[in-house]
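The next block holds one structure in the form of structure tokens; read it before the comments.
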Amino acid sequence: MFTEKAKENLKAMLWQAKISAVDNTDAQAMRVPSLYADWEALESGTHLTKGQRVNYKGVLYNVLTDHDKQAQWTPEAAPSLFAKVLIPDPNVTPDWEQPLSTNGYKKGDRVRHKSKIWESLVDNNVWEPGVMGTEGQWKEVTE
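The sequence shown runs 192 to 334 under this note's numbering.
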């Protein structure tokens, strides 16, 4: 269907897109998750660098520190090595989940919690919305 030249051009465009994807914000990355490595497909010993992103079981994770892939160090099992992107689709308000210190909510992120919608007022927000004392971290909003 495609000429050899067209295939060559498509491969070059994909390679360039993967290079450029390194600088994407989390929100931008979630729009093009196929540009990031599938953790399962990476060979054991593959070097991962801080700031790189990987897909694991359909979820995008940020690599927190340089390391070589080990089968037992999955993004779920090694939270010191990976941080889950908590707002997978910026157009959908997800349920709040307790973040780790490595992946707190960003200022402006919105979540659902206890039948209400909350907006983070600060970056690196790890506090539960609506709990006494978190008035400076979250505000209740209406859609």
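Don't be surprised by glycine CBs; every beta carbon is placed ideally from N, CA and C.
Tell me the rounded alpha-carbon separation between residue 265 and residue 290.
As a first step, residue 265 must be located in the sequence shown, where it is residue number 74. As a first step, residue 290 must be located in the sequence shown, where it is residue number 99. Approximately 17 angstroms between the Cα atoms of the pair.
Could you check the C-alpha separation between residue 329 and residue 262 for me, to the nearest Å?
Mapped onto the sequence shown, residue 329 falls at position 138. Mapped onto the sequence shown, residue 262 falls at position 71. Computed Cα separation, rounded: 38 angstroms.
Taking the alpha-carbon of residue 292 as reference, which of 251, 204, 276, 286 has the nearest alpha-carbon?
On the sequence shown, residue 292 is found 101 positions in, with the first residue counted as 1. Residue 276 holds the alpha-carbon nearest to the alpha-carbon of residue 292 among 251, 204, 276, 286.
Going residue by residue through the stretch 214-248, where are the continuous alpha helix (DSSP H) segments of at least 4 residues, counting only ones entirely within it?
217-222
I'd like to check one pair, residue 233 with residue 244: are the Cβ atoms closer than 9 angstroms?
Residue numbering aside, residue 244 sits at position 53 when the sequence shown is read from its first letter. Residue numbering aside, residue 233 sits at position 42 when the sequence shown is read from its first letter. Here residue 244 is not near residue 233, since their CB atoms are 9 angstroms or more apart.
For residue 316, which three-state DSSP category applies?
To locate residue 316, count along the sequence shown from 1; it is residue 125. It is a strand residue.
Does DSSP classify residue 253 as helix, strand or coil?
Counted from its first residue, the sequence shown places residue 253 at position 62. Strand at residue 253.
For a test of the three-state rule: what should DSSP assign to residue 278, helix, strand or coil?
Locating residue 278 in the sequence shown gives position 87, where the first residue counts as 1. Coil at residue 278, not helix or strand.
According to DSSP, residue 311 sits in a beta bridge with which residue or residues?
The residue you call residue 311 lines up with position 120 of the sequence shown. Answer is 329, bridged to residue 311.
Identify, in the order they occur along the chain, each residue of the same chain with its Cβ nearer than 6 angstroms to the Cβ of residue 212, setting aside the five sequence neighbours on each side.
In the sequence shown, counting from the first residue as 1, residue 212 sits at position 21. Correct list, in chain order: 226.
Using alpha carbons as the reference points, say which of 307, 284, 314 lies closest to residue 294.
Counting from one through the sequence shown, the residue named residue 294 turns up at place 103. Checking every option, the nearest Cα to that of residue 294 belongs to 314.
Hey, quick one: how far does the alpha helix (DSSP H) through residue 211 stretch, first residue to last?
The residue given as residue 211 occupies position 20 in the sequence shown. In the DSSP annotation of this structure, the continuous segment of the alpha helix (DSSP H) that includes residue 211 starts and ends at 195-212.
Anyone know if the C-beta pair for residue 282 and residue 300 falls short of 9 angstroms?
The residue given as residue 282 occupies position 91 in the sequence shown. The residue given as residue 300 occupies position 109 in the sequence shown. Not in contact: residue 282 and residue 300 (Cβ atoms no closer than 9 angstroms).
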